[in-house]
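> Sequential numbering of the sequence shown, starting at 146, is according to this note's numbering.
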Amino acid sequence: PIFPELLAEGYEPHKVRELYLMFPPAPDLYLDISDRIEQKIESLLCHRSQLGPEVADWVRKWDAENGAQIGVAYAEAFRVLRLVDN
Numbered sequence: 146p147i148f149p150e151l152l153a154e155g156y157e158p159h160k161v162r163e164l165y166l167m168f169p170p171a172p173d174l175y176l177d178i179s180d181r182i183e184q185k186i187e188s189l190l191c192h193r194s195q196l197g198p199e200v201a202d203w204v205r206k207w208d209a210e211n212g213a214q215i216g217v218a219y220a221e222a223f224r225v226l227r228l229v230d231n
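#1: Given that a residue counts as buried once 16 or more other Cβ atoms are within 10 Å of its Cβ, and exposed if not, what is tyrosine 165?
#2: Using the C-alpha atoms, what's the distance from isoleucine 186 back to arginine 162?
#3: Go ahead and label alanine 171 buried or exposed: buried means 16 or more other beta carbons lie within 10 angstroms of its beta carbon, across all protein chains shown.
#4: With distances taken between CB atoms, is the gap from alanine 201 to glycine 212 smaller than 8 Å?
#5: If we ignore side chains and look at the alpha-carbon of each, how far apart do phenylalanine 223 and glycine 216 end up?
#6: So, at 6 Å on beta carbons, what are the nonlocal neighbours of alanine 218 in its own chain, with the 5 sequence-adjacent residues on each side left out?
#7: Judging by CA-CA distance, which residue of Val225, Asp208, Leu228 and Leu226 is the nearest neighbour of aspartate 177?
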C-alpha cells in the first residue's frame, strides 16, 4: 500500500469511476446551478489573488450560455469520462 497510515485509520482504497472535465469542447452533461449561481460567484471572489471582480460577469455570461442549452437560467457543462464499469 502506498499510504499504510491511511489504511490503519480505516480508509480503504477506491477506484475513481468518473472524471468530470470542465470547459470541454463537447459537453455531455449539463447541471442546473440556477439556484446556486450567486454562491458560486461569492466563492470564486474569495480567491482574490487569482480572480478579480470581473469574474462575476464572466461566470454569469458563461453559465447563462450553458443554461440555454438545457432551458434553465444557469448551468455548468462537463465532459464525463467513465473509467470503471459500474
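Don't be surprised by glycine CBs; every beta carbon is placed ideally from N, CA and C. Nothing here was measured: the structure is a model prediction, and the numbers come from that model.
Straight from the coordinates:
#1: Here residue 165 is taken as the residue at index 20 of the sequence shown, counted from 1. Tyrosine 165 should be labelled exposed.
#2: Mapped onto the sequence shown, residue 162 falls at position 17. Mapped onto the sequence shown, residue 186 falls at position 41. Their backbone Cα atoms lie some 29 Å apart in a straight line.
#3: Position 26 of the sequence shown holds residue 171. Exposed is the call here.
#4: Here residue 201 is taken as the residue at index 56 of the sequence shown, counted from 1. Here residue 212 is taken as the residue at index 67 of the sequence shown, counted from 1. Contact flag unset, no.
#5: Against the sequence shown, residue 223 aligns to sequence position 78. Against the sequence shown, residue 216 aligns to sequence position 71. So the two alpha carbons sit approximately 16 Å from each other.
#6: Within the sequence shown, residue 218 is the residue found at index 73, counting from 1. Same-chain partners within the cutoff: Ser179 and Gly212.
#7: Working through the sequence shown from its first residue, we reach residue 177 at position 32. Closest by alpha carbon: Asp208.
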